[in-house]
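Trainee:
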Amino acid sequence: MRAIYARFPVAALFLLVPLSGCAASYDDRNEYLVEMAQRGVQVNKLLRGQNETISEETCASANRALNDDIPSDRPLGYEPSEDWKQLVEQTFINACVAGEY
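When the letters of the sequence shown are read in order and numbered with mature numbering (1 follows the signal peptide of the UniProt record, and there is no 0), they come out as residues -23 to -1, 1 to 78.
And the structure:
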C-alpha cells in the first residue's frame, strides 16, 4: 500500500482531500446567516408590494421555496444539523416578518 502512495503521491493526495472535511467555516456560516436575513427582507418588500399579508406562515413558505442551499456545518459533507437548519430558517423568517434584521 505504501508503494502505491510513493508512486502516485498526487493521486493519493486527491484521495485524501475529500476526507479532510467540507463543513463551512464559522465565518462562512455567519455570512450565510446575514445573506438569509437579507433575503428575508427582500421577500418582505416583495410581499408588501403585492399587498400580501406578511406572517410567519407566508415567510416559512417562502423560505422553503427559496432557500435550499444551506451549507453544511458538519465535516465530511454530511447533511446540515437540525439545529443549524432551524437557525437558518428562523433567521430568514424573523427578517421576513420584521422587514429588517
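Where a beta carbon is used, it is the ideal one built from N, C-alpha and C, also for glycine.
DSSP state of Asn7, grouped into three classes?
Mentor: For the purposes of this step, residue 7 is taken as the residue at position 30 of the sequence shown. Helix, per DSSP.
Trainee: Arg25 by DSSP, collapsed to three states: which one?
Mentor: Taking the sequence shown and counting its residues from 1, one reaches residue 25 at position 48. In this structure, Arg25 counts as helix in the three-state DSSP scheme.
Trainee: State the CB to CB distance for the pair Gly76 and Val18, rounded to an integer number of angstroms; the pair is presumed to be in contact (CB under 8 Å).
Mentor: Working through the sequence shown from its first residue, we reach residue 76 at position 99. Working through the sequence shown from its first residue, we reach residue 18 at position 41. Right, the Cβ-Cβ distance comes to about 6 Å (below 8 Å), so this counts as a contact.
Trainee: For Ala1, which of Glu66, Tyr55, Glu59 has the nearest alpha-carbon?
Mentor: On the sequence shown, residue 1 is found 24 positions in, with the first residue counted as 1. With distances taken between Cα atoms, Ala1 lies closest to Tyr55.
Trainee: Indicate whether Asp5 and Pro48 have their beta-carbon atoms separated by less than 8 Å.
Mentor: Sequence index remark: in the sequence shown, residue 5 carries index 28 (1-based). Sequence index remark: in the sequence shown, residue 48 carries index 71 (1-based). In this structure, Pro48 lies closer than 8 Å to Asp5 by Cβ.
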